[in-house]
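Please read the structure below before turning to the comments.
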DNA sequence: AAAATAAAAGAGTTTTTTGTCTTTTATTGC
DNA sequence: GCAATAAAAGACAAAAAACTCTTTTATTTT
Ligand code: FES
Ligand code: FES
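Protein chains in written order, with our numbering: chain A, 404 to 546; chain B, 404 to 546.
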């Protein structure tokens, strides 16, 4: 569904949101540990998200990653788009070069419906909204 | 969503179903042309599906691929499972090693709902059911 | 200013996926 | 039996995705 990169990205950002809910920063090392991902790999990913302004970072001691007010309110869809592009939201389920109403593949209508529901779900969920569940250990970011 | 291999596979099998609706066989060359896929690649894929009994084939002149009564009734889900395994149907949306009700990722509930709808859709659609739309040029297997 | 810290950047490597080419095997029609 | 046809099989090759390692840059603390 999503690329591994994208899965790590979302887990990482949710983790950062939780860890920094009352200010502070969190280091790459801690993120990697917190979501059980390869450290250098998640570093690259966060670097990219940082360039795109979807996460904030600071160098040096006391540095690390955090989310500003705007980032906390970004939807999951924004992060998916930043990493995987919009093929998830608009790509053809059977791999036609382009999904089209007027030149549809055989499963277009059914597929589109599900794809849209996925999109609505991702658009309406903001990255900062999972803190409570994580605190209550009703949701997890690693095995 | 699906691997390229799986996308080609489904398009190929739908094509075979259509082309052989009144008996006959269809060659790899024709399949490749019909769905606009690399010829040798789709050959490999059909070989695999043939081994698993999801499509039928015959060598030699008058040979080619076709679908027996049972294969025509297989669901899209059966083909997806044969190629991509069941990660589509039961994998965690955020890449946790295993999707679990008791150790869920933050988007488990929402994701599961969509994943299930996808599954129901794929389970309830049989590969042989697209002939009419294709004939009427209301659906297409290539650009 | 120097040392320590932590992200940024860049240059790999490995693995998986996707795609190609060649040879072999089976079947048919003559 | 022989030539032609078409899939099966196997070995490669290219591209993309996933992952690693090393060096640089910015910041803070002492
Ligand atoms: S054309 Fe295939 S999903 Fe729209
Ligand atoms: S645990 Fe992530 S989808 Fe079920």
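Ideal Cβ positions, reconstructed from N, Cα and C, are used throughout, including at glycine.
This structure is a prediction, so every number in the text was calculated from the model and none was measured.
Is it the case that the Cβ atoms of residue i and residue j are separated by a distance below 9 Å?
i, j, result
"residue 546/A", "residue 432/B", "no"
"residue 533/B", "residue 459/B", "no"
"residue 482/A", "residue 430/A", "no"
"residue 404/A", "residue 496/B", "yes"
"residue 417/A", "residue 544/A", "yes"
"residue 412/B", "residue 470/B", "no"
State the CB to CB distance for the pair residue i and residue j, rounded to an integer number of angstroms; the pair is presumed to be in contact (CB under 8 Å).
i, j, result
"residue 423/B", "residue 478/B", "Not really, about 19 Å apart at Cβ, beyond 8 Å."
"residue 509/A", "residue 542/B", "4 Å"
"residue 498/A", "residue 540/B", "Actually they do not touch by this definition, with Cβ atoms about 20 Å apart."
"residue 419/B", "residue 524/A", "The Cβ separation is near 35 Å, so there is no contact."
"residue 480/B", "residue 538/B", "About 24 Å separates the two Cβ atoms, so there is no contact after all."
"residue 531/B", "residue 449/B", "Not confirmed; about 16 Å, so no contact."
Taking its Cβ as the centre, do 16 or more other Cβ atoms sit within 10 Å of residue i, making it buried, or is it exposed?
i, result
"residue 434/A", "buried"
"residue 437/B", "buried"
"residue 466/A", "exposed"
"residue 491/B", "buried"
"residue 454/A", "exposed"
"residue 461/A", "exposed"
"residue 410/B", "buried"
"residue 464/B", "exposed"
"residue 426/B", "exposed"
"residue 547/B", "The question about residue 547/B has no answer, for chain B in this structure spans 404 to 546."
"residue 535/A", "exposed"
Counting pairs of Cβ atoms below 8 Å between the region 481-488 of chain B and the region 512-529 of chain A, do you hit three or more? no
Ordered list of alpha helix (DSSP H) runs contained in the region 488-516 of chain A, each at least 4 residues: 490-493
Please list the segments of the beta strand (DSSP E) lying wholly inside the region 415-489 of chain B, counting only runs of 3 or more residues, in order along the chain. 459-461 and 467-469
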